[in-house]
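Residue numbers for the sequence shown, in the working numbering: 55 to 1107. The structure appears right after this line, and notes come after that.
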Amino acid sequence: MVGIIKLAIERPVAVMALIFMCVIFGGLALQSIPIQMSPDIEKPVLDVRVSWPGASPEDVDREIVGRLEAELSSLNGIEEISSRSTRGSARVNLTYTVGQDMDKALVLLLSKLSAVSGLPDDANTPLVKTSNSDDSPIARLALIAKDGANVNLEELGQYLDTNIVEPLARVDGIAEVDYRGGGKREMRVLIDPEKLVQYQITLSEVIDALKTSSTMMSVGLVTEGKRSYTVRTEAVNYTPETAGNIVVRTSVSPSGTVMPLLLQDIATLEVKVQSRTSFRRLNGQPAVTLSALREPGSNVVATMLRLRTVVDQLNQNELAARGLDLKVVYDETGYISSAIGLVQQNIWVGGILALTVLLLFLRHIVPTIIVFVAIPVSVIGTFVAIAALGLSINVISLAGLAFAVGMVVDASIVSLENIFRLRQRGVDSLNAAYHGARQVWAPILGSALTTVIVFIPVLTLDLPVGQLFKDIGVAISVSVLISVFVSVTVIPTLSARLLSGSADRFSKLPKLPFVDPIARGFKALFVGYASYIVNRKIIGLSAVASVLALSIGVATILMPKLDYLPDGNANFMFARISVPAGYSMDETLRIAERMEKAASPLWTGEDIEGPAIQRFFFVAYSGGAFAGGSTKDPARIKELRMVLMKPIFAEPGARAFVQQASLFGRSVGGSRVVSVDVVGPNSDDVLSSAIQVNDALSRRFPGRDGNQIRTLPGLDSGAPQIRITPDLSALARAGVTVREFASAVDVFNDGTNVSQVPIDGQLVNMVVSGKNAEDLSADELENIPVITRSGSIMRVGQLGRVEIISAPVQIRRLGGQQAISIQLRPLESIPLEDVVAVIDTEILPDIRSEAGRNGVSIKLEGAASALAETWIAMQSNVVTAIVVIFLLLVILLRSFVLPFIIILAIPVSAAGGIGGLAILNQFVRQPLDMLTMLGFVILTGVVVNNAILMIEQTTLHIREEGLSANEAIIEATRNRVRPIFMSTMTSLFGLLPLVVFPGAGSELYRGIGVVVFGGLGLSTLATLIIVPPMLAVALTSRLGQMVAAPTMLREKL
55 MVGIIKLAIE
65 RPVAVMALIF
75 MCVIFGGLAL
85 QSIPIQMSPD
95 IEKPVLDVRV
105 SWPGASPEDV
115 DREIVGRLEA
125 ELSSLNGIEE
135 ISSRSTRGSA
145 RVNLTYTVGQ
155 DMDKALVLLL
165 SKLSAVSGLP
175 DDANTPLVKT
185 SNSDDSPIAR
195 LALIAKDGAN
205 VNLEELGQYL
215 DTNIVEPLAR
225 VDGIAEVDYR
235 GGGKREMRVL
245 IDPEKLVQYQ
255 ITLSEVIDAL
265 KTSSTMMSVG
275 LVTEGKRSYT
285 VRTEAVNYTP
295 ETAGNIVVRT
305 SVSPSGTVMP
315 LLLQDIATLE
325 VKVQSRTSFR
335 RLNGQPAVTL
345 SALREPGSNV
355 VATMLRLRTV
365 VDQLNQNELA
375 ARGLDLKVVY
385 DETGYISSAI
395 GLVQQNIWVG
405 GILALTVLLL
415 FLRHIVPTII
425 VFVAIPVSVI
435 GTFVAIAALG
445 LSINVISLAG
455 LAFAVGMVVD
465 ASIVSLENIF
475 RLRQRGVDSL
485 NAAYHGARQV
495 WAPILGSALT
505 TVIVFIPVLT
515 LDLPVGQLFK
525 DIGVAISVSV
535 LISVFVSVTV
545 IPTLSARLLS
555 GSADRFSKLP
565 KLPFVDPIAR
575 GFKALFVGYA
585 SYIVNRKIIG
595 LSAVASVLAL
605 SIGVATILMP
615 KLDYLPDGNA
625 NFMFARISVP
635 AGYSMDETLR
645 IAERMEKAAS
655 PLWTGEDIEG
665 PAIQRFFFVA
675 YSGGAFAGGS
685 TKDPARIKEL
695 RMVLMKPIFA
705 EPGARAFVQQ
715 ASLFGRSVGG
725 SRVVSVDVVG
735 PNSDDVLSSA
745 IQVNDALSRR
755 FPGRDGNQIR
765 TLPGLDSGAP
775 QIRITPDLSA
785 LARAGVTVRE
795 FASAVDVFND
805 GTNVSQVPID
815 GQLVNMVVSG
825 KNAEDLSADE
835 LENIPVITRS
845 GSIMRVGQLG
855 RVEIISAPVQ
865 IRRLGGQQAI
875 SIQLRPLESI
885 PLEDVVAVID
895 TEILPDIRSE
905 AGRNGVSIKL
915 EGAASALAET
925 WIAMQSNVVT
935 AIVVIFLLLV
945 ILLRSFVLPF
955 IIILAIPVSA
965 AGGIGGLAIL
975 NQFVRQPLDM
985 LTMLGFVILT
995 GVVVNNAILM
1005 IEQTTLHIRE
1015 EGLSANEAII
1025 EATRNRVRPI
1035 FMSTMTSLFG
1045 LLPLVVFPGA
1055 GSELYRGIGV
1065 VVFGGLGLST
1075 LATLIIVPPM
1085 LAVALTSRLG
1095 QMVAAPTMLR
1105 EKL
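Below, the structure is given as structure tokens:
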């Protein structure tokens, strides 16, 4: 390192060239780094989804989920398998162990799926999605009709696909665009049962014929001369007229004439829009809702800008001509821009404050500018590492840079202050620059390494928070390492040139009437303390013990309860409405409209006191609804929660789970949802235990206080279901198979999808049904016709039993067993640690005991398990970081005693961090979440720096000046008080904006900031109290006298 210092001073042009290269490369890297709100948290999860139109949850669970779980459970690396069966849909969720190669896992999963046999013929092909597929959309949009426009939104299916969805999906950075509504066309084949009897053909024969009516396939090659042609059959572009000519069956008359039976002979064909499955409204108007998912790694802000450009173009051209308007309902880039803008503001303000502090201490503009160079060089150079590691610019990484603003000047301050001190003593600029940097490079490097090394254990966390910590860890570590290089190259190089001239210009500095007496008083206080305490070791040790005991006591008393992750403060409120099992879509719509009616005065202007709504939408479907809204004033978004919840309270059996959009918890409820999973082999036992858990949670965390509870699936005994059981004896007498009986019920009830046929260039479903299938009532099901082999018509009621029973609307499984999850989102003021403790010690013990007798297990998941895992991992990693720091200091100081003195600053800093958090909570709520815990990790590496400087300066006086131990301690205190306070004050003022400035995203880093602020401030004072007496004891002991041994041995060699 000494050689580097000398080379830098001798070659100033090369040093300046390196600075410019660092800034240029950093600027270029900045252009390629994606911008988003927070780091991507990738979960090792793969989802398998299978649709089976019309199938009941029980059939889906038995025929699809059971087969998939049996086949997929043998895959390596799977931590948990969960599943959900609903009407017509199956979803199997595979959670892998952290660190699994997900690309390889996907390939193996697809291979396994190809081997699954026995799935229903009319079930669709399994679809695999990664966890990123479920990320929250970066934009939600709504298509509405303009005032006065005569447009039926339910007939826009094909138009939506071609003219809206496709242009939006082509936007660079958009992975997928999905929509609800618009209506898709289908070709209905309306079977006449009398015609079936007339032509002596069964329904099964008709269905089999239609399944092969639109076949597209390659049929070989034809070679002619030099050319080879691929031969394929192509499907016909159907209309109701052309489809009527499909041959269903052929027969030969006695005279040998071929007699084809055409589809039009036994059915009527029509093309129509599919029946509506949901209702959607935006600010009271019918709407089609769309959502846009971004590609992983894309720049959210740039992607959204391109998306808005396409939306504007569509509104001005294509949509305007049809009387349509496409509106952006929710756009997270506004919040991202505000949050990132606030951090950028904090960086600038923190930098200016740090510069001001430097100027107050140095009293000269030239050395101040020299030190300040470290900030832009270190910060901009960090962007190269961020780009190289594939990270993004987000609130977390920028907060890391904001923290680094105060840290990166520490090394430069120490280097420059030592150079400046030598210049004031009359040493010429070149020698002062060289010797000043040479004397302090070791403690500068040691301090930097302790700051960086604490992140290594944390970055290895195989948990979601580890991915969050990575961004801030890289930002701080790289910038601090760059600052070390700056302090031993740029600082001495600039000092040798800019601090030249007479020493008088630096020894005679302007006086500050208010600051100077305070500074002299502080210096005199600590130097006097050191002079007094080094000769009174018992008193010194008592002072150290008192400081440590007081710190531990304060930390114990003020230690707040733990939380998991902050939700953020996005301007979007999302509501999930659950209704009693079996409710029709019309009834669900009525409940959703009640919510809309309660909110409407806030966007029409009738209610001027409540939070004015900018956008409000809802989607109602059979079995539930969801809604969302934003306010014109983002600061009032939380008031929207009760506006949306109150109307649902009045609906018997209905519940609303309303939550502000979360930054980290993508599911409903965000990152504060505690899930109680009740799992067992018997559904009745599971339901009984789940009801007990739900009731106990509702009593302990009542909804009237702001707590929210929902169950997945619901706790209803089931939804009404009509079960038709065939009478095998009656079927045998009629000559009807069970398949023919089931086909008749399927076709003449609501129709069955048999094929896809091309219409106007698009594939649409061909559905076989009866003429009045969609209008059948429950009582009319017994009259559904069944065609027998003898050519007669019988009724379902004659061949089977029709009864109304109760059946589940959803079946969930965990690890192959029946499961119900009760999800609790507690009031924000209640820490998760308290919630988990209450549930685990007060609510669950008795219920667990009773449930266990029936083979039912109950466990805490969601944020509860994530908090427990993260807290255990954080404790382990902090201890590891301290041990690694200790061993690193042993190497640097060549002693096992001196590092122990330095480590004593850590418990004091922890007390300061906890105290700072307690003070902040008197003004604004700031829980001790896992991001805030990172502040204590940062402190572990930062607070030892001052002690390192003190000890290194002391040993330097012993080795090079021959001072006694006590004299060296006093002299080191005298020389290091000023740079210690200078570096501490610049760090504190650099951090101050992160703590005091509220705004978008500040809840993510404010806790870290106040912990570092309080811990660094208190530990600085404690270091000047602890180090002198401990150092006096250590250096006068037998072990302490060995400190200089390596130097003497090197001199002899």
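Think of the CB as a built atom: it goes at the ideal place given N, C-alpha and C, for glycine as much as any other residue. Note that this is a predicted model, so its numbers are computed, not measured.
Measure the CB-CB distance between L275 and S267 and report whether it falls below 8 angstroms.
no
Below 8 angstroms on the Cβ atoms is my contact criterion, and I expect G869 with S392 to pass it. Report the Cβ-Cβ distance as a whole number of Å.
Not quite, the Cβ-Cβ distance comes to about 43 angstroms (not below 8 angstroms), so this is no contact.
Return the first residue and the last residue of the alpha helix (DSSP H) that E248 is part of.
Counting along the chain, the alpha helix (DSSP H) containing E248 begins and ends at 247-252.
Among V463, R417, F457, which one has its Cα closest to the Cα of V429?
The sequence shown places Ile at residue 429, rather than the Val named in the question. For the residues V463, R417, F457, the minimum Cα distance to I429 belongs to V463.
So is S605 buried or exposed if we call it buried at 16+ other beta carbons inside 10 Å?
buried
Taking DSSP as the reference, what is the three-state secondary structure of L445?
The answer is coil: DSSP assigns L445 none of H, G, I, E or B.
To the nearest angstrom, report how far apart R145 and V732 are at their CA atoms.
Each residue's alpha carbon lies about 19 angstroms from the other.
Here's a check: name, in chain order, each residue in its chain whose Cβ is nearer than 6 angstroms to the Cβ of A646, leaving out the five neighbours to either side.
F672, A674, A679
Which residue marks the beginning of the beta strand (DSSP E) containing K158, and which one marks its end?
Counting along the chain, K158 falls outside any beta strand (DSSP E), though it belongs to the alpha helix (DSSP H) covering 156-168.
When the Cα of G120 is compared with those of Q872, I968, K651, which residue comes out closest?
Q872
Have a look at A486 and V1087 and give me their C-alpha separation to the nearest angstrom.
33 angstroms
To the nearest whole angstrom, what separates the beta carbons of L547 and A62, a pair I think is in contact under 8 angstroms?
One detail in the question is off: residue 547 reads as Thr in this sequence, not Leu. Between A62 and T547 the Cβ distance is about 5 angstroms, and since that is below 8 angstroms, they are a contact.
Where do the ends of the alpha helix (DSSP H) carrying Q328 lie?
Segment: none, Q328 is in no alpha helix (DSSP H) and carries neither H nor E.
If I measure Cβ to Cβ from S432 and keep anything under 6 angstroms in the same chain, skipping five residues before and after, which residues do I get?
Non-local C-beta neighbours of S432 in its own chain, meaning closer than 6 angstroms and more than five positions away in sequence, comprise V462, S533, I536, S537, ordered along the chain.
If the criterion is Cβ atoms closer than 8 angstroms, does the pair G969 and V608 meet it?
yes
Quick check on R479: does DSSP put it in helix, strand or coil?
coil
Quick check on E133: does DSSP put it in helix, strand or coil?
It is a strand residue.
W402: buried (16+ other C-beta within 10 angstroms of its C-beta) or exposed?
The residue is exposed, with fewer than 16 neighbouring Cβ atoms inside 10 Å.
Indicate the three-state DSSP secondary structure (helix, strand or coil) for I300 in the structure shown.
I300 falls in the coil class under three-state DSSP.
On a CA-only basis, which of T1074, L898, L985 is nearest T1027? Give me that one, please.
Checked all of T1074, L898, L985; the closest Cα to T1027 is T1074.
To which residues does DSSP link V840 through a beta bridge?
M848
Can you list, in chain order, the residues of its chain whose CB lies under 7 angstroms from that of L503, leaving out five sequence neighbours each side?
L942
Out of curiosity, what's the CA-to-CA distance linking V325 and I778?
30 angstroms
State the start and end residues of the unbroken alpha helix (DSSP H) segment that holds I394.
Segment 387-416, the alpha helix (DSSP H) holding I394.
Going by C-alpha to C-alpha distance, which of E693, V365, N1029, I132 sits closest to A584?
N1029
So P620 and L1058 are supposed to be a Cβ contact under 8 angstroms. How far apart are they, rounded?
6 angstroms
At which residue ranges does the region 307-368 contain complete alpha helix (DSSP H) runs of 4 or more residues, listed in the order of the chain?
317-320
If we count Cβ pairs, one from each stretch, closer than 8 angstroms, do we get three or more for the region 397-417 versus the region 342-356?
no
Give the straight-line distance between the Cα atoms of N975 and A891, rounded to the nearest whole angstrom.
22 angstroms
Determine the direct distance from the alpha carbon of M987 to that of A922, and round the result to whole angstroms.
14 angstroms
In angstroms with no decimal places, state the Cα-to-Cα distance between D188 and I89.
For D188, the predicted model reports a pLDDT of 44, less than 50, meaning its position is unreliable and no value from the coordinates is stated.
How long is the line joining the alpha carbons of I841 and S307, rounded to whole angstroms?
23 angstroms
If you follow the beta strand (DSSP E) that K183 is part of, which residue opens it and which one closes it?
181-184
If you scan the region 842-898 from start to end, which runs of the alpha helix (DSSP H) of 4 or more residues do you find wholly inside it?
850-853, 886-892
K524: buried (16+ other C-beta within 10 angstroms of its C-beta) or exposed?
buried
In the structure shown, what three-state DSSP assignment does E1118 receive?
Nothing can be reported for residue 1118: it is not among the residues displayed for the chain, which extend from 55 to 1107.
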